[in-house]
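Read the structure below first, then the notes.
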Amino acid sequence: MALRVVLIAAVAAPLVALLSEPAIAHAAALRGSTSSVEVPTWLFLTTGGGTVGASFLLASFVTDRAFMRSIHDWGFTLPAPGRLLRLGGQLVGLAVLAATVGIGYLGPETGYRNLAILVVWVGWWGGYVASTYLIGNTWPTLNPFRTVASLLPSLDRPYPARLGAWPSVAGLLALIWIEVVSPLADDPRLLATTIGAYTAVSAAGSVVYGTDTWFGRVDPISRVFALFGQFAPLKRTDDGLSLRLPGGALTDRGAVSGHAETVFVVAVLYVTTFDGFVGTGLWARLITAVVEIGVPPLAGYLGAYLVGFGLFVAAFWWAISLARRFGRTYITQTALAERFAPSLVAIAAGYHIAHNLGFILGVAPSLAVVAASPLSPPQQPPVLTTLPGWIAGLELAFVLVGHFIAVWIAHAAAYELLPGRLEAIKSQYGITLVMIAYTIISLWIVTTPTVTPPFLGGGGV
Numbered sequence: 120m121a122l123r124v125v126l127i128a129a130v131a132a133p134l135v136a137l138l139s140e141p142a143i144a145h146a147a148a149l150r151g152s153t154s155s156v157e158v159p160t161w162l163f164l165t166t167g168g169g170t171v172g173a174s175f176l177l178a179s180f181v182t183d184r185a186f187m188r189s190i191h192d193w194g195f196t197l198p199a200p201g202r203l204l205r206l207g208g209q210l211v212g213l214a215v216l217a218a219t220v221g222i223g224y225l226g227p228e229t230g231y232r233n234l235a236i237l238v239v240w241v242g243w244w245g246g247y248v249a250s251t252y253l254i255g256n257t258w259p260t261l262n263p264f265r266t267v268a269s270l271l272p273s274l275d276r277p278y279p280a281r282l283g284a285w286p287s288v289a290g291l292l293a294l295i296w297i298e299v300v301s302p303l304a305d306d307p308r309l310l311a312t313t314i315g316a317y318t319a320v321s322a323a324g325s326v327v328y329g330t331d332t333w334f335g336r337v338d339p340i341s342r343v344f345a346l347f348g349q350f351a352p353l354k355r356t357d358d359g360l361s362l363r364l365p366g367g368a369l370t371d372r373g374a375v376s377g378h379a380e381t382v383f384v385v386a387v388l389y390v391t392t393f394d395g396f397v398g399t400g401l402w403a404r405l406i407t408a409v410v411e412i413g414v415p416p417l418a419g420y421l422g423a424y425l426v427g428f429g430l431f432v433a434a435f436w437w438a439i440s441l442a443r444r445f446g447r448t449y450i451t452q453t454a455l456a457e458r459f460a461p462s463l464v465a466i467a468a469g470y471h472i473a474h475n476l477g478f479i480l481g482v483a484p485s486l487a488v489v490a491a492s493p494l495s496p497p498q499q500p501p502v503l504t505t506l507p508g509w510i511a512g513l514e515l516a517f518v519l520v521g522h523f524i525a526v527w528i529a530h531a532a533a534y535e536l537l538p539g540r541l542e543a544i545k546s547q548y549g550i551t552l553v554m555i556a557y558t559i560i561s562l563w564i565v566t567t568p569t570v571t572p573p574f575l576g577g578g579g580v
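One point on numbering: in the working numbering, the residue at position 104 of the sequence shown is 223, and numbering is uninterrupted.
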């Protein structure tokens with residue numbers, strides 16, 4: 120009965136957001152028109168945060184450990200794709216890489232008239248990334264960087280264990296920083312050059328440490344997709360394709376391992392947030408004020424980027440310290456963080472699709488038209504400038520559903536770790552507060568009209 124209540128709440132809240140079109144305000148350069156907000160913004164945001172808090176209270180009524188484990192263990196195995204299908208996937212990945220780089224250099228110089236820009240930011244970053252957490256992680260097969268690297272000899276040097284996932288953390292932060300502050304989303308020549316450089320770095324790393332080690336432990340893109348694949352219902356195993364409930368694998372021990380990998384999960388959550396935040400009017404006013412007092416624009420962006428990341432990590436670590444205190448456990452804070460960090464993957468997935476859904480739908484016609492004639496596309500590729508109001512409601516629904524699943528994953532992890540039922544519930548106080556805060560931030564960004572980030576030659580998507 121308690122589980123039914125939780126599921127009803129998880130479905131009802133997004134439906135309320137979906138049907139309340141007058142209360143939704145969302146705009147972006149290519150996403151559609153802005154709707155007026157007929158309720159106070161503070162009321163809308165606190166209601167969203169309160170809904171996540173209520174889901175924690177409802178989840179607290181589910182205390183049967185065997186029942187919770189049966190939910191996450193539900194699933195069955197399907198036959199695995201054959202070698203021929205795998206080879207086909209590798210060839211497709213290589214073809215897309217070659218076409219993207221080639222057309223990036225040879226096609227039009229105008230941003231959304233060039234197929235490379237559309238393939239990377241609409242097809243890959245928007246659409247394909249979503250498939251890794253909605254369906255399953257096919258990147259190990261399609262990954263063209265890995266396919267290229269596998270053709271080269273390798274020295275198979277031992278990877279320094281002390282480095283752990285830290286290179287992935289640094290790599291992810293660097294990639295998103297470049298995407299935000301450079302014209303990478305508008306300049307196809309620069310994009311093609313960046314992809315070529317990434318291919319060269321991946322190949323060099325694979326030559327030194329081996330393909331499996333580089334893409335399994337260092338490459339930030341592969342690590343992001345591996346995390347999202349843990350959330351997806353389909354996962355490749357030695358026995359075939361395993362089908363489970365979304366997020367079920369995130370409750371398994373070992374889903375996140377080590378302090379560095381925990382920080383990487385927080386980084387995945389943070390970079391998408393920062394990418395959305397720099398497109399808000401609040402950020403435009405803040406960075407303008409900072410620049411007016413003499414701070415160089417890039418220094419202002421970098422300072423905010425690093426400070427924001429530090430705050431996200433500190434907030435999560437604070438939540439874990441509360442979990443240890445109220446859970447009355449001798450389990451180390453690092454071990455608790457490893458078990459609770461996977462819940463953040465659900466939040467990152469929900470926000471990613473909410474952040475990109477309207478953009479993908481708005482620019483998808485351009486991708487189709489330009490793909491038909493990549494070297495001589497029309498001067499004005501078609502764009503859907505007005506989308507149905509329910510699209511904005513669907514974006515909000517994805518944010519809330521991601522948070523509901525995160526609450527449940529953290530709840531299940533607490534019952535796996537802590538023997539006492541009351542201690543397991545109390546251990547979620549800090550985690551829930553952080554999730555409520557992030558819900559409010561996510562909803563605010565998604566429902567805030569988008570502006571062009573000032574002082575940049577280009578802009579993040």
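Where is the CB? At the ideal position from N, CA and C, for every residue including glycine.
Check for me: the beta strand (DSSP E) holding T356 runs from which residue to which? Indexing the sequence shown from 1 puts residue 356 at position 237. Element bounds for T356: 353-356.
So which of V299, G446, A442 has the shortest CA-CA distance to P573? In the sequence shown, residue 573 corresponds to position 454, counting from 1. The residue with the shortest Cα to Cα distance from P573 is V299.
State the Cα-Cα distance for the pair G329 and N233, rounded to the nearest angstrom. What you label residue 329 is simply residue 210 of the sequence shown in a count that begins at 1. What you label residue 233 is simply residue 114 of the sequence shown in a count that begins at 1. Taking the straight line joining both Cα atoms gives about 35 Å.
Burial state of I295, where buried means 16 or more other Cβ atoms lie within 10 Å: Reading the sequence shown from its first residue, position 176 is the one you call residue 295. The residue in question, I295, is buried, as its Cβ has 16 or more Cβ neighbours within 10 Å.
Which one of P272, P365, A323 has the shortest CA to CA distance from I254? For the purposes of this step, residue 254 is identified with residue 135 of the sequence shown, where counting begins at 1. It is P365 whose Cα lies nearest to the Cα of I254.
Residue from P484, A556, S492 whose Cα sits closest to the Cα of T505: Translated into positions along the sequence shown, residue 505 becomes position 386. Measuring from the Cα of T505, the nearest candidate turns out to be P484.
What does the alpha-carbon distance come out to for the pair I79 and F435? Given a span of 120 to 580 for the chain in the structure shown, any question on residue 79 remains unanswerable.
Going along the chain, which residues of its own chain have a beta-carbon closer than 7 Å to the beta-carbon of Y252, five neighbours each way excluded? For the purposes of this step, residue 252 is taken as the residue at position 133 of the sequence shown. Correct list, in chain order: F347, F350, A351, A468.
Between the C-alpha atoms of F344 and Y470, what's the straight-line distance to the nearest angstrom? Here residue 344 corresponds to residue number 225 of the sequence shown, with the count starting at 1. Here residue 470 corresponds to residue number 351 of the sequence shown, with the count starting at 1. If you take the alpha carbons of F344 and Y470, they lie about 15 Å apart.
Between V228 and P307, what straight-line distance do the alpha-carbon atoms span, to the nearest angstrom? On the sequence shown, position 109 is the one that residue 228 refers to. On the sequence shown, position 188 is the one that residue 307 refers to. Note that residue 228 is Glu in the sequence shown here, rather than Val. Each residue's Cα considered, the two are about 6 Å apart.
I'd like to check one pair, A217 with A268: are the Cβ atoms closer than 8 Å? The residue you call residue 268 lines up with position 149 of the sequence shown. The residue you call residue 217 lines up with position 98 of the sequence shown. In this structure, A217 does not lie closer than 8 Å to A268 by Cβ.
Report the CB separation of V211 from L261 in whole angstroms; it is logged as a contact under 8 Å. The residue you call residue 211 lines up with position 92 of the sequence shown. The residue you call residue 261 lines up with position 142 of the sequence shown. Yes, V211 and L261 are in contact; Cβ-Cβ is about 6 Å, under 8 Å.
Within 8 Å, strictly: CB atoms of Y389 and F445: Within the sequence shown, numbered from 1, the residue matching residue 389 stands at position 270. Within the sequence shown, numbered from 1, the residue matching residue 445 stands at position 326. Contact: no.
Taking Cβ positions, are I528 and T312 nearer each other than 8 Å? As a working mapping, residue 528 is identified with position 409 in the sequence shown. As a working mapping, residue 312 is identified with position 193 in the sequence shown. Result no, Cβ atoms of I528 and T312 do not sit closer than 8 Å.
Using beta-carbon positions only, say whether F431 and A532 come within less than 8 Å of one another. Numbered from 1 along the sequence shown, position 312 holds the residue referred to as residue 431. Numbered from 1 along the sequence shown, position 413 holds the residue referred to as residue 532. In this structure, A532 does not lie closer than 8 Å to F431 by Cβ.
Answer with yes or no whether the minimum CB distance from A322 to chain D is below 8 Å. Chain labels in this structure do not include chain D; a single protein chain is all it has.
Just the Cα atoms here: how many angstroms apart are G315 and P493? Working through the sequence shown from its first residue, we reach residue 315 at position 196. Working through the sequence shown from its first residue, we reach residue 493 at position 374. Answer to the nearest angstrom: the Cα atoms are 20 Å apart.
Does DSSP put L480 in a helix, in a strand, or in coil? Here residue 480 corresponds to residue number 361 of the sequence shown, with the count starting at 1. The answer is helix: DSSP assigns L480 an H, G or I state.
Whole angstroms are fine: how far does the CA of I466 sit from the CA of V520? Locating residue 520 in the sequence shown gives position 401, where the first residue counts as 1. Locating residue 466 in the sequence shown gives position 347, where the first residue counts as 1. Taking the straight line joining both Cα atoms gives about 8 Å.
What separation, rounded to the nearest whole angstrom, lies between the Cα atoms of Y424 and S325? As a first step, residue 424 must be located in the sequence shown, where it is residue number 305. As a first step, residue 325 must be located in the sequence shown, where it is residue number 206. Using only the alpha carbons, I get a separation of about 30 Å.
Identify the residues that DSSP records as bridge partners of T91: which are they? In the structure as shown, the chain starts at 120 and stops at 580, and residue 91 therefore has no counterpart that could be examined.
CB of G395 within 8 Å of CB of H474, strictly: The residue you call residue 395 lines up with position 276 of the sequence shown. The residue you call residue 474 lines up with position 355 of the sequence shown. Against a cut-off of 8 Å, the Cβ pair of H474 and G395 comes out as a contact.
So for R281, helix, strand or coil by DSSP? The residue you call residue 281 lines up with position 162 of the sequence shown. If DSSP states are grouped into helix, strand and coil, R281 belongs with the helices.
N-terminal and C-terminal residue of the alpha helix (DSSP H) that Q349 is part of: Locating residue 349 in the sequence shown gives position 230, where the first residue counts as 1. Here the alpha helix (DSSP H) through Q349 covers 339-350.
Looking at the unbroken alpha helix (DSSP H) that takes in Q455, where does it start and where does it end? If you number the sequence shown from 1, residue 455 lands on position 336. At residue 455 the sequence reads Leu, which differs from the Gln that was named. From DSSP, the alpha helix (DSSP H) with L455 extends over 452-459.
Return the residue from the list I472, G377, P415, Y548 that minimises the CA-CA distance to L513. Along the sequence shown, read from residue 1 onward, the residue named residue 513 stands at position 394. Ranking the options by Cα distance to L513, first place goes to I472.
Is the beta carbon of V553 sitting closer than 8 Å to the one on A438? Translated into positions along the sequence shown, residue 553 becomes position 434. Translated into positions along the sequence shown, residue 438 becomes position 319. For V553 and A438, yes; Cβs fall inside 8 Å.
Spatial neighbours of R447 within its chain, please: CB distance less than 6 Å, with the 5 preceding and 5 following residues excluded, ordered by chain position. As a first step, residue 447 is located in the sequence shown; it is residue number 328 there, counting from the start. Here the set comprises E542.
Who does G255 pair with in a DSSP beta bridge? Here residue 255 refers to the residue found at position 136 of the sequence shown. Beta-bridge pairing links G255 to L353.
Three-state secondary structure (DSSP) at F264? For the purposes of this step, residue 264 is taken as the residue at position 145 of the sequence shown. It is helical.
Alpha carbon to alpha carbon, how far is P461 from A304? Give it in angstroms, no decimals. In the sequence shown, residue 304 corresponds to position 185, counting from 1. In the sequence shown, residue 461 corresponds to position 342, counting from 1. Their Cα atoms are separated by approximately 30 Å.
Indicate the three-state DSSP secondary structure (helix, strand or coil) for S376 in the structure shown. The residue labelled residue 376 in the question sits at position 257 within the sequence shown. The answer is coil: DSSP assigns S376 none of H, G, I, E or B.
Rounded straight-line distance, which links the Cα of L360 to that of L204: Here residue 204 corresponds to residue number 85 of the sequence shown, with the count starting at 1. Here residue 360 corresponds to residue number 241 of the sequence shown, with the count starting at 1. So the two alpha carbons sit approximately 14 Å from each other.
Could you tell me the alpha carbon to alpha carbon distance between L562 and P272, rounded to whole angstroms? As a working mapping, residue 562 is identified with position 443 in the sequence shown. As a working mapping, residue 272 is identified with position 153 in the sequence shown. About 48 Å.
Would you check if the region 403-412 and the region 379-388 touch, i.e. whether three or more CB-CB distances between them fall below 8 Å? no
Going by the beta-carbon positions, is the gap between V502 and L237 smaller than 8 Å? In the sequence shown, the residue the question calls residue 502 occupies position 383. In the sequence shown, the residue the question calls residue 237 occupies position 118. Result no, Cβ atoms of V502 and L237 do not sit closer than 8 Å.
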